[in-house]
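Heads up: the sequence shown is residues 213 to 986, going by my numbering.
Every residue gets a Cβ at the ideal spot worked out from N, C-alpha and C, and that includes glycine.
Worksheet for the structure shown next.
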Amino acid sequence: MSKGFLPRIKLTPRRTPNSPLPVSRARKLAAAITEILQTRDTNAQWEECLAEVFPADEDIASVVAFLRDPDSTLAFFSWVRRRPFTVTPDSASYSALLCLLARNRRFEESQLVLETMLTEGTAPTCEAFSTLVGSYSRYGLQDKALSVYFSLKEKLSSLPDVSDCNCLLNMLVEHGRLETAQQVYDEMLKRDGGANNFSTGIMVKGLCIQGRMEDARNLMKDRWGRSVVPDVVFYNMLIDGYSKRGDVRMCYILLREMGLKGFVPTLSTYGAIINGFCRKGNFGKIDRLMIEMKARGLNPNVHIYNNIIDARCKHGSILDAKAVLKQMIASGCQPDIVTYNILISGYCHYRKVGEAKNLLREAIGRSLVPNEFSYTPLIHGYCQEANVALASNLFIEMMEMGHKPDLVTFGALIHGLVVAGDVHEALAIREKMEERGVAPDAAVYNVLMNGLFKKASKVFQFMGEKGVRHSVVVYNALIKGHCKAGMLNEAVMYINRMRQEGYLPDAFTYTTLIDGYARQCDMDGALRIFGDMVKHECKPNVVTYSALINGFCKRGDLDTANSLFREMQSNGIVPNVVTYSILIGGLSKTGKVGNAAAVFEEMLRNKCFPNEYTFRYLISGLISCWRDMDSVVDRCQRVKSEFRMSDMFQDMISDGWDHKTAAYNAVIFCLCKHQMLLKALEVRDQMLKQGCFPDAITFLLLLHVICAQGKSHEWKDLLSCAFEQREFDIVHKYMSLLDQNLNAGKSSEASCILRSLLDEARCFPESNCRITAA
């Protein structure tokens, strides 16, 4: 059926709907309609048959609620909309259709139905909105789920039911969007019955996964009171979180606390604690916990044994790992393919590839199906032993069994082929990678280049033997390739040969070599080449200085990086966006966010437009140091007469703003201050993609720059706004602050627009809603 069937159908005269049908009649009608619709491909009279069983004045929603097949239901709706003098599909009818489509993952048709409802001025019911949120969430459609959630919240002042809200929470947590999940959870708590223990469990689990144990405990305290853990499930979440963070002492405290409260530890409880000791290699404690488990009648499962075997391998005792396998089998716990994969990887790591292959055969003998994790260590191991033939055979066996090689598998085989001198076969494997949708990474290309350089060097030598003169371009190509492959000694050798042949290295030559040393954090080598460059009167350029600054930033030597930054400017070399971004990134990563903000403002004053990396470094730096406000602003550098980005960030944090929102708004403030509207809108869009919603301050900042650029008549095309009552006072404060700092203390056009909006909102409080991007 065509996807656009609903919008194209011309509506005929309508009658108002009757009351809902009795359940028994609705069920019988639905069964009769379904039977007719199933014959529509073979029965040319199916529409007449429908008309006979479904009177024109029957309630549509009652029948749709009992239809199960999406295609048949869509066909029924198409017929109803074409049929003259029938009941008009109302909100309940459309909503029943939406619920059916959503439950069957027919999301494109759901969107078309929503558009049709919008055209007809019909709103979905709360139940339909809720079902859509739940279905979108179950299938990981984040943006759609959030869009429907906020529509329901804002337009109907309601929330999805608790099960669908929990689906949304779970999806957000799984995708690492805890801040947005927290917003949804807080809204749920405000409503009676809006959140249950499962809702809190999802949030606690998400916080524990990220190692935010204090936040998890605080969330439970806010829900149930101090020191209250409601059941063993929550204890297991906390123990697992502390275990992953390496705090096994806290795991033991919680284990004892469980016993005092009468909770019985489960297999998951012991498994989490054992996993923590596995990370530390404390096998004495592991053995004692295993004995305690068995005394309680709990038999360790395959997951626990796998963790112990993995820990034995990683802590240097491959024989003990094999002994654990024997204990595991003797206790009646059968190993799985993961068990064997761990052992295969361990034996290969210790260069015992033959024994690892025997383990693969043993796994197959136990009717276990090997996967890419079984074969890849063996392929890599045989390549390391220069036994490419066996590695290739295993590669073919792996593919014949239907397993897809991944980047690591392909990379191991390519490396082995290059080492064996078969570069052409390695290149053929690289082509197969791309055919199978596996993109080679830098490591694969470096291996290939390493192999190809040998051939390139032979060509270079051949040119000399035939009397063909080399050129600076030829030398530069070789030097660049060797630097990318990390072969810096060979690159220097070619520079010496250049000079012997009478060629002078140019800025490209020196800069390539400097960048090569900087990437390996060998800054002494980089400075040595830089000194040689200056000595031979070859002028460094912006790329040269950027490479040096990048190297010192990577090494954490920000003082030298900053000195080079000032040196290049004193030499008349203008930093570009790459230079600024490198320095801003280095300063932000080392906690010098105040200095990073100052460099960012200098960048904007010099009309150098930032890119997404600049924004990412700066916002990440602000977010990471928001608790330590003294680190954000270097008090010695602060200019009292100028209100800066870092000051904006501090004020918003002091006023109780979320640190992420404050960081984005501080950067937008700085861009607006320098009249960079398009870049400010870019940051606003980036803010939305990260699940951080623009607010009243975002709107206010953007409105100021729009008006300052003479586009006040266009602001409604770029922004949409409305304010909640609580935002009035704080918005008024920032309105005055912006006038003072962006408009020389005078009331701006933006302020006039905003005052009229605030006055209107006070008069009509029922129209308030969240500020969003247009």
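| Item | Value |
| --- | --- |
| Where Met462 sits in the DSSP three-state scheme | helix |
| Cβ shell of Lys692 (< 7 Å), same chain only, five flanking positions each side left out | Thr724 |
| Distance between Gly649 and Gln596 (C-alpha atoms, nearest Å) | 26 Å |
| Backbone secondary structure at Gly623 - three-state DSSP | helix |
| Residue range of the unbroken alpha helix (DSSP H) whose run includes Pro282 | Pro282 to Arg294 |
| Alpha-carbon to alpha-carbon, Asn408 and Leu218 | With a pLDDT of only 43 at Leu218, under the threshold of 50, the placement of this residue in the model should not be trusted, and no figure is reported. |
| Nearest-angstrom Cα separation, counted from Asp302 out to Ala308 | 10 Å |
| Member of Ile498, Ala533, Gln712 and Leu913 whose CA lies at the smallest distance from the CA of Gln887 | Leu913 |
| 8 Å CB neighbourhood of Lys365 in its chain, flanking five on each side removed | Leu371 and Glu399 |
| Own chain, CB closer than 8 Å to Glu926, minus 5 neighbours either side, in chain order | Ile918 |
| Helix, strand or coil at Met502 according to DSSP, with G and I counted as helix | helix |
| Contact belief for Ser586 with Tyr552 at Cβ below 8 Å, rounded distance in angstroms | 7 Å |
| Where the alpha helix (DSSP H) through Ser800 begins and ends | Val789 to Lys801 |
| Supposed close pair Arg856, Ile880 - CB separation, criterion 8 Å | Going by Cβ atoms, the distance from Arg856 to Ile880 rounds to 14 Å, so no, they are not a contact pair. |
| Three-state class that DSSP yields for Ser369 in the structure shown | coil |
| Contact check, Ala875 vs Ile909, beta carbons under 8 Å | no |
| Alpha-carbon spacing of Gly743 relative to Ser858, whole angstroms | 37 Å |
| Between the CA atoms of Ala304 and Thr337 - distance to the nearest angstrom | 7 Å |
| Selected residue, minimal CA-CA separation from Lys240, among Ala601, Gly566, Pro717 and Phe266 | Phe266 |
| Spatial distance of Gly488 from Gly458 (CA atoms) | 6 Å |
| Arg578 CB to nearest heavy atom of the ligand GDP below 7 Å | For the structure depicted, the ligand GDP is absent and the ligand set is empty, with no information on it obtainable. |
| Beta carbon of Val292 nearer than 8 Å to that of Thr285 | no |
| Where Ala640 sits in the DSSP three-state scheme | helix |
| 8 Å Cβ cutoff met for Leu555 and Lys526 | no |
| Environment of Ser782 [buried if 16+ CB atoms lie within 10 Å] | exposed |
| Continuous alpha helix (DSSP H) stretch holding Val478: start and end | Just to set this straight, residue 478 is Thr in the shown sequence, not Val. It is not in any alpha helix (DSSP H) - Thr478 carries neither H nor E in the DSSP assignment. |
| Option in Asp376, Arg350 and Asn316 with minimal Cα separation from Phe341 | Asp376 |
| Contacting residues, own chain, Cβ-Cβ under 7 Å from Ala393 (five flanking each side not counted) | Leu381, Leu384, Val385, Met415 and Gly418 |
| Straight-line Cα distance separating Phe812 from Gln849 | Residue placement at Gln849 cannot be trusted, given a pLDDT of 46 that sits under 50; what the coordinates show is reported in the next sentence. Answer to the nearest angstrom: the Cα atoms are 14 Å apart. |
| Closest residue to Val685 among Leu716, Asn430, Phe319 and Met470 (Cα-Cα distance) | Leu716 |
| Classification of Thr343 by the beta-carbon crowding that lies within 10 angstroms, buried from 16 upward | buried |
| Within 8 Å, strictly: CB atoms of Ile591 and Leu625 | yes |
| Residue of Cys750, Leu795 and Ile541 minimising C-alpha distance to Asp771 | Leu795 |
| Cβ neighbour criterion (16 or more within 10 Å) applied to Glu426 | exposed |
| Local Cβ density within 10 Å of Pro589, reported as buried at 16 or more and exposed below that | buried |
| Start and end residues, alpha helix (DSSP H) containing Ala568 | Val565 to Gly577 |
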